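J.: Numbering of the sequence shown is given in this note's numbering, commencing with residue 32 and proceeding in unit increments. We put the CB at the ideal spot given by N, CA and C, even for glycine. Computed from a predicted structure; not experimentally measured. This is the structure I want to talk about, given as structure tokens.
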Amino acid sequence: MKKIYMDHTAGMPVDSRVIDAMKPYFNTTYGNPSSLHSFAQEARKGLDNAREKIAELIGAEKREEIFFTSGATESNNWAIRGLAARAKDKGKHIITTSIEHMSVINVCKHMIKKGFKVSFLPVDKYGVVDLEALKQELTNDTILVSIMYANGEIGTIEPIKEISEIVHTRNACLHVDATAAIGMVKLDVQKKGIDLLTVSSNDMYGPKGIGALYIKKGTPLEPLIFGGGQERGFRSGTENLPGIAGMGKAAELMKNELEEEKNKLIRLRDKFIKVLLETIPYSFLNGHPSKRLPNNVAVRFSFIEGESMLLNLEMAGVSASSGSACTAKTLEPSHVLRAIGLKHEEAHGSLLFTLGKQNSENDVDYVLGLMPDIVKRLRAMSPLTPKELKGSVH
Ligand code: PMP
32 MKKIYMDHTA GMPVDSRVID AMKPYFNTTY GNPSSLHSFA QEARKGLDNA
82 REKIAELIGA EKREEIFFTS GATESNNWAI RGLAARAKDK GKHIITTSIE
132 HMSVINVCKH MIKKGFKVSF LPVDKYGVVD LEALKQELTN DTILVSIMYA
182 NGEIGTIEPI KEISEIVHTR NACLHVDATA AIGMVKLDVQ KKGIDLLTVS
232 SNDMYGPKGI GALYIKKGTP LEPLIFGGGQ ERGFRSGTEN LPGIAGMGKA
282 AELMKNELEE EKNKLIRLRD KFIKVLLETI PYSFLNGHPS KRLPNNVAVR
332 FSFIEGESML LNLEMAGVSA SSGSACTAKT LEPSHVLRAI GLKHEEAHGS
382 LLFTLGKQNS ENDVDYVLGL MPDIVKRLRA MSPLTPKELK GSVH
């Protein structure tokens, strides 16, 4: 049977060129970069090279501003807890949004227990952060604003440049979680005025379990992990060299290939959304119609449940998602869909297709061919479907 993967926000295949770049670091260049011999020297070169490639991809001024971590969750934890620890004498107020990943939201909740005040900014119906609310919440006590570059669940891209201008009027720092954006849009930390940036390797066809935090020179940050003093004392623990080399290669490929890849994805995405909404009544787009990640097709269908649609798609060989993989196991509707104002039942009717490099137009056409029948069948069985809709797609 045909097997089509459309859940790239949850996990991506590793590019074979990335695997090739990782291989030597398993059994050829296996020295510990902290040692003094030639094996270590080679390993150190690999570290520096990867750091350089990531700095280039995100427009950092210096490669020394890139610190490797175990992934986006650690980078988000470090940015928020590390800055709060250093800046608490200046103030104890943090601002974030109601649509962040749980690795930001749950850290912020933890900070409340530690005596910090946290404001969760509202978003509009498209998921765009309310800039007026940001201006109102900012005080001289605000030390950090943490806002994602783009939301992987609804695709919306946030106005980071405007946000940074507002944040810096009060001398607060801006942390941006760019996990969902890194493999999809061109980032430039200097142009956008970002102080701390979270990136993850698997979101740009690199291996899982490796990520980085960009720390703009001069940003006060206490380490999260103490030990042998690796990463210039800021993030201890023997470096994951194969992972780091893989992430570096993934960043290099992304820098060279993003533009072409992006254009292809936008073409597929736009066709996918247009035909879905045209052929299925009571179907709606989640997230912003144009300020949207190139690979994101987030939609919802009235009267039926996302899970039943997923099951039907899976039986036809298509793997998609009903929302963020991290909350997919709970029956609660996603906090992101609730934050954009969807009712419980609307949120439950949501489906998320996230496209990737290996998806073709044939894949999109195949799914577009399946969806009307799946929706029609499920609506015929659903007690919520109005009579006039039962038995007919239109
Ligand atoms: N932030 C965002 C926006 C995410 O989508 C994710 C999940 N891919 C994370 C953080 C956490 O990533 P990880 O589980 O790789 O640490």
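Does the pairing of the segment 184–197 with the segment 209–224 give three or more beta-carbon distances under 8 Å?
T.: yes
J.: Use the C-beta contact count for residue 303: other C-beta atoms within 10 angstroms, 16 or more gives buried, fewer gives exposed.
T.: With 16 or more other Cβ atoms within 10 Å, it is buried.
J.: Examine the Cβ distances between the segment 303–318 and the segment 245–256 and report whether three or more of them are shorter than 8 Å.
T.: The segment 303–318 vs the segment 245–256: no contact.
J.: Check each candidate in 73, 255 and 76 and name the one with the smallest Cα separation from residue 115.
T.: Answer by Cα proximity: 255.
J.: Mind checking whether residue 385 and residue 37 have CB atoms under 8 Å apart?
T.: yes
J.: Are the CB atoms of residue 193 and residue 169 within a distance shorter than 8 Å?
T.: no
J.: Output the distance between the C-alpha atoms of residue 34 and residue 397, rounded to the nearest integer angstrom.
T.: Rounded to the nearest angstrom, the two C-alpha atoms are 11 Å apart.
J.: If we call anything under 8 Å between Cβ atoms a contact, is residue 253 one with residue 113?
T.: yes
J.: Under the rule that 16 or more other beta-carbon atoms within 10 Å means buried, what is residue 181, buried or exposed?
T.: buried
J.: Residue 425 to residue 312, Cα distance in whole Å?
T.: Bear in mind that a pLDDT of 47 at residue 425, under 50, signals an unreliable position, so the number given afterwards is only what the model happens to contain. If I take the Cα positions, the gap works out to 6 Å.
J.: To the nearest angstrom, how far is the alpha carbon of residue 171 from that of residue 265?
T.: 28 Å
J.: In whole angstroms, what separates the C-alpha of residue 155 from that of residue 366?
T.: Within the model, the alpha-carbon separation for residue 155 versus residue 366 is close to 14 Å.
J.: Three-state secondary structure (DSSP) at residue 107?
T.: Helix.
J.: For the pair the segment 274–289 and the segment 74–91, tell me if three or more CB-CB distances fall below 8 Å.
T.: yes
J.: Alpha carbon to alpha carbon, what distance is there between residue 46 and residue 308?
T.: 33 Å
J.: Residues bridged to residue 245 by DSSP?
T.: For residue 245, which the question treats as bridged, DSSP gives the partners 97 and 228.
J.: Determine the DSSP secondary structure at residue 32, reduced to helix, strand or coil.
T.: coil
J.: Kindly indicate the opening and closing residues of the beta strand (DSSP E) around residue 208.
T.: 204–208
J.: So, with DSSP's three-state summary, where would you put residue 257?
T.: coil
J.: Counting only C-beta atoms, is residue 89 closer than 8 Å to chain B at any point?
T.: The structure shown contains no chain B, having only a single protein chain.
J.: If residue 102 sits next to residue 231, beta carbons under 8 Å apart, how far is it from one beta carbon to the other, in whole angstroms?
T.: Contact holds; Cβ gap of about 5 Å.
J.: Cβ-heavy atom distance between residue 132 and the ligand PMP below 7 Å?
T.: yes
J.: Answer yes or no: the CB of residue 214 versus the heavy atoms of the ligand PMP, is any distance below 7 Å?
T.: no
J.: Which of the three DSSP states is assigned to residue 89 in this structure?
T.: Here residue 89 sits in helix by DSSP.
J.: For a test of your reading of the model: does the CB of residue 282 fall under 7 Å from any non-hydrogen atom of the ligand PMP? Yes or no.
T.: no
J.: Distance, Cα to Cα, residue 211 vs residue 204?
T.: 21 Å
J.: By a C-beta neighbour count over all protein chains shown, 10 Å radius and 16 as the cutoff for buried, is residue 370 buried or exposed?
T.: buried
J.: With distance defined between alpha-carbon atoms, name the residue in 277, 236, 392 and 105 nearest to residue 43.
T.: Minimum Cα distance to residue 43 is reached at 236.
J.: Just curious, the alpha helix (DSSP H) that residue 335 is in, first and last residue?
T.: Run containing residue 335: none; DSSP gives neither H nor E here.
J.: Please report the distance separating the alpha-carbon of residue 404 from that of residue 418.
T.: 17 Å
J.: Would the C-beta of residue 234 count as close to the ligand PMP, meaning under 7 Å from any of its heavy atoms?
T.: yes
J.: Pull up the CB-CB distance for residue 110 and residue 199, whole angstroms please, since I reckon it's below 8 Å.
T.: Not really, about 16 Å apart at Cβ, beyond 8 Å.
J.: To the nearest angstrom, how far is it from the Cα of residue 436 to the Cα of residue 310?
T.: Beyond the ends of the chain as shown, which are 32 and 425, falls residue 436; an answer cannot be given.
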